[in-house]
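**Q**
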Amino acid sequence: MKQGKFIQVLMVLLFMALPIAALAGKYPQSVMDAVDAAKKATPAVTMEQFKAAMDDPNIWIVDVREPDEYVAGHIRSAINIPRGLIEFKIWKKVGYPDKTNMDQKMYLYCKAGSRCALATKSLRDLGFTEVYRTDIKLEEWLKMGNKLVK
326 MKQGKFIQVL MVLLFMALPI AALAGKYPQS VMDAVDAAKK ATPAVTMEQF KAAMDDPNIW
386 IVDVREPDEY VAGHIRSAIN IPRGLIEFKI WKKVGYPDKT NMDQKMYLYC KAGSRCALAT
446 KSLRDLGFTE VYRTDIKLEE WLKMGNKLVK
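In this text, residue positions in the sequence shown follow the working numbering: the first is 326, and each later residue adds one.
1. Could you tell me the boundaries of the alpha helix (DSSP H) in which R449 lies?
2. Note the first and the last residue of the continuous alpha helix (DSSP H) segment covering K365.
3. Alpha carbon to alpha carbon, how far is H399 from M427? Give it in angstroms, no decimals.
4. Across the segment 390-407 and the segment 355-366, are there enough close Cβ pairs to call them in contact, namely three or more that are closer than 8 Å?
5. DSSP state of R401, grouped into three classes?
6. When the Cβ atoms of the segment 438-454 are set against those of the segment 408-416, are three or more pairs found closer than 8 Å?
7. Should T367 and R440 be called a contact, given that it needs their Cβ atoms to be closer than 8 Å?
8. Would you mind sorting A347 into buried or exposed? The rule is 16 or more other CB atoms within 10 Å of its CB.
9. Just checking my contact of A369 with D460 at CB under 8 Å: how many whole Å lie between their CB atoms?
10. Helix, strand or coil for M469 per DSSP?
11. According to DSSP, is Y421 part of a helix, a strand, or is it coil?
12. Taking the alpha carbon of W466 as the reference point, which residue from D361, Y352, M372 and A362 has its own alpha carbon closest?
13. Please list the terminal residues of the continuous beta strand (DSSP E) segment that includes K475.
14. Have a look at G470, E464 and P382 and flag the residue whose alpha-carbon is nearest the alpha-carbon of Y434.
15. Beta carbon of W385, beta carbon of K430: below 8 Å?
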């Protein structure tokens, strides 16, 4: 009988914990709202435009994921400027302070599209005019037969 009671209590605790576990790993609505607002406020490029840019030295492909993600595999010709530092690290890349090119064309990508939307908005807010986000999900990129390089 004691074992039956123990199992009952355990089941109740498990049942109560399920909703909490289901929410684990999700972000607050305010974060998702910020991502949605950034996507609405920034222009995106198509997959065809993105692929063509890989061979165009005048267009930078910018991977805004963390350095360890980049090293594990990135899209060919991409440079890595992490989302958390892009507002600071971009300046050296665009020639600041001598010949700052605020019109440098850049296509930003990340793992699923959220970080690149936020980074694109940040750079446009700083005055960069030719920054575009991509809604590439790397998993889909690979499923389409495209490769990552290390």
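Think of the CB as a built atom: it goes at the ideal place given N, C-alpha and C, for glycine as much as any other residue.
**A** Answer, in terms of the structure:
1. S439 to D450
2. Q354 to A366
3. 25 Å
4. no
5. coil
6. yes
7. no
8. Any answer about A347 is weak, because its pLDDT of 37 lies below 50 and its placement is not dependable; what the coordinates show is given next. Burial call: exposed.
9. 6 Å
10. coil
11. coil
12. M372
13. That residue, K475, is in no beta strand (DSSP E); it is neither H nor E in DSSP.
14. E464
15. yes
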